[in-house]
Amino acid sequence: MINYLRGNVVRLIKNTGNRVTLILEVNQIGYEIQIPSRLGRQWEEDNTESAQVFTDQQIRDDAIVLYGFESAAERDLFRKLIAVNGVGSQMAIALIDTLGLRELVEGIVNENTQLLSKTPGVGKKTAERIALELKTKLAQWRTEAGLVSQGDESIVPKAEIREDIEMTLLALGYSETEIQQALSVISQDSLLAKNPNPEEWIRSAIAWLSQ
């Protein structure tokens, strides 16, 4: 099993279905690795020439496929997702790509099926199954993986107030992408993360979006 690869970024290939393939040269060998598209965009913006990717190898009847991730935690979450009945590699990549590591983990732990269903191809029943099977496992794992410290509250709005926040911001004309970016940033405020008042979240999001 290949744990990670470190080498030179030769090329990023954008395929159909929002898939991105990384060609990574390691010791004069070029590896084809499917990575989340958001990671590919980040490397393109940063003009990244060398990279380290944590990998998972899937052996199918017709091919051997390498999936690559920015961190070991992201790769481990991918493995947990594909262990859920009905969740394949492409759906797991899409979940990570759409929501990001921290937000996806918190969405599962908080059983926020509406959030999970924002991922293309993930319906309500699949979202419910993911939350049911992984909620308890990820509640402990997120601390072990260093995503939160012992005693910390959720880093994203809890499910019971998140819908109010998103609906209000949508009504104010912000796009879903802008809203998710804002929530991801302001959730790093430890005081706000513990605040159950949606109005405080909305004010903070608007302030960040207005910068």
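Following our numbering, the numbering of the sequence shown begins with 83 at its first residue and continues without gaps. Heads up, the beta-carbon is just placed ideally off N, CA and C, and yes, glycines get one too.
Residue i versus residue j: straight-line alpha-carbon distance, rounded
{"i": "M173", "j": "G182", "result": "13 Å"}
{"i": "K240", "j": "N192", "result": "7 Å"}
{"i": "A145", "j": "N129", "result": "30 Å"}
{"i": "R161", "j": "K207", "result": "20 Å"}
{"i": "A287", "j": "L265", "result": "7 Å"}
{"i": "L229", "j": "E107", "result": "30 Å"}
{"i": "E126", "j": "D271", "result": "29 Å"}
{"i": "E282", "j": "T201", "result": "27 Å"}
{"i": "M249", "j": "I243", "result": "10 Å"}
{"i": "D179", "j": "T98", "result": "15 Å"}
{"i": "I247", "j": "P278", "result": "11 Å"}
{"i": "N194", "j": "I111", "result": "42 Å"}
{"i": "A209", "j": "I175", "result": "14 Å"}
{"i": "D138", "j": "I164", "result": "11 Å"}
{"i": "V91", "j": "N109", "result": "12 Å"}
Contact test: residue i Cβ vs the ligand PLP heavy atom, cutoff 8 Å
{"i": "P280", "result": "Among the components modelled here there is no ligand, and therefore nothing to report on the ligand PLP."}
Residue i vs residue j beta-carbon contact at 9 Å
{"i": "L198", "j": "L214", "result": "no"}
{"i": "R120", "j": "V169", "result": "no"}
{"i": "V135", "j": "E152", "result": "yes"}
{"i": "A227", "j": "A155", "result": "yes"}
{"i": "I84", "j": "V102", "result": "no"}
{"i": "L148", "j": "G122", "result": "no"}
{"i": "A133", "j": "G89", "result": "yes"}
Per DSSP, cross-strand counterpart(s) of residue i
{"i": "R93", "result": "I105"}
{"i": "V112", "result": "For clarity, residue 112 is Gly in the given sequence; the question names Val instead. Answer is E107, bridged to G112."}
{"i": "S132", "result": "N90"}
{"i": "T250", "result": "In DSSP, T250 forms no bridge with anything."}
{"i": "T137", "result": "G150"}
{"i": "I117", "result": "V102"}
Should the region 207 to 221 be called in touch with the region 255 to 272, which here means at least 3 C-beta pairs below 8 Å? no
Residue ranges of each alpha helix (DSSP H) run of no fewer than 4 residues wholly in the region 176 to 237, ordered along the chain? 183 to 191, 195 to 198 and 206 to 226
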